[in-house]
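Undergrad: Sharing a structure here in structure tokens format.
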Amino acid sequence: MSLPSVNKTESSEYKIKKNVVGKIRELTESFPEKNSAMIPAMHLIQDEFGWLPDQAIRELADILKVAPNKIYGVASFYSMFNLKPVGKYHIQVCRNVSCQLMGAKNVIEHLSKKLNIQPGETTEDNKYSISQVECLGSCGTAPVMMINDKYYENLTEQKVDEIIKTLQ
Ligand code: FES
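The numbering of the sequence shown is our numbering, which starts it at 183 and goes up by one.
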């Protein structure tokens, strides 16, 4: 995988805060191998920026003594990590089998129409992003979506409208 280039503005804008670096270093101490701290450290960085900027990934790679590509590999495997900025409300709709059977396609189409964006996009005001993700582990209450860290289950178009209203 080729890495994105780093420009100077991004370098300073996305430098990991000192206290977060401190927490990451503490994490590395609690594992026999430094790179075992990778996923919790990525969560800390995402908590700070809302996504994983290239500069922060390189900085983390340096702390963990791994190639940045390793971190990119993990970040691109797990849908919980964002490799580009997302809106204030990141709506992740499950597209796996149970949810598909129970109407996930309608939920996604309804959201796209309502927010005027397609999956993978963010509204111009940076308020909403929509993503399609694999199983969210709540197949019995399909169709399911997550908005930031909160689950919404047994979705219908009407329920989606009510949920979005609460986010205004
Ligand atoms: S298939 Fe959607 S939560 Fe499992």
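By construction, the Cβ of each residue, glycine as well, lies at the ideal position given by its N, Cα and C atoms.
Along the chain, where does the beta strand (DSSP E) containing residue 212 start, and where does it finish?
TA: No beta strand (DSSP E) holds residue 212; DSSP gives it neither H nor E.
Undergrad: The ligand FES and residue 278: does the residue's C-beta get closer than 8 Å to at least one heavy atom of that ligand?
TA: Yes, since a heavy atom of the ligand FES falls inside the 8 Å radius drawn around the Cβ of residue 278.
Undergrad: In whole angstroms, what separates the C-alpha of residue 310 from that of residue 269?
TA: Distance between the alpha carbons of residue 310 and residue 269 is about 5 Å.
Undergrad: Return the chain-ordered list of same chain residues with a C-beta closer than 7 Å to the C-beta of residue 335, the five sequence neighbours on each side being excluded.
TA: So the qualifying residues of the chain are 320, 323 and 326.
Undergrad: Please classify residue 286: is it buried, with 16 or more other beta-carbons within 10 angstroms of its beta-carbon, or exposed?
TA: Buried.
Undergrad: Taking the alpha carbon of residue 210 as the reference point, which residue from 198, 200 and 223 has its own alpha carbon closest?
TA: Minimum Cα distance to residue 210 is reached at 223.
Undergrad: Indicate whether the contact test is met: 3 or more Cβ pairs, each with one atom in the stretch 283-303 and one in the stretch 250-264, closer than 8 Å.
TA: Judged by Cβ distances under 8 Å, the stretch 283-303 makes no contact with the stretch 250-264, as fewer than three pairs qualify.
Undergrad: Just mark residue 283 as buried or exposed, buried being the case when its beta carbon has 16 or more other beta carbons within 10 Å.
TA: Counting Cβ neighbours within 10 Å, residue 283 comes out exposed, since fewer than 16 surround it.
Undergrad: Beta-carbon separation of residue 290 and residue 275 under 9 Å?
TA: For residue 290 and residue 275, yes; Cβs fall inside 9 Å.
Undergrad: Tell me whether residue 320, by its Cβ, gets closer than 8 Å to a heavy atom of the ligand FES.
TA: At least one heavy atom of the ligand FES is nearer than 8 Å to the Cβ of residue 320, so yes.
Undergrad: Looking at the structure shown, is residue 248 part of a helix, part of a strand, or coil, going by DSSP?
TA: Looking at residue 248 - three-state DSSP - the assignment turns out to be coil, as it is neither helix nor strand.
Undergrad: Would you report the Cα separation of residue 184 and residue 340, rounded to the nearest angstrom?
TA: In this prediction, residue 184 has a pLDDT of 47, which is less than 50 and means its spatial position is unreliable; what the coordinates show is noted afterwards. Straight-line Cα distance between these residues: approximately 43 Å.
Undergrad: Alpha carbon to alpha carbon, what distance is there between residue 225 and residue 243?
TA: Taking the straight line from one Cα to the other gives about 14 Å.
Undergrad: Quick one: measure Cβ to Cβ for residue 261 and residue 315, integer angstroms, because I've assumed they're closer than 8 Å.
TA: Sure, about 4 Å apart at Cβ, within 8 Å.
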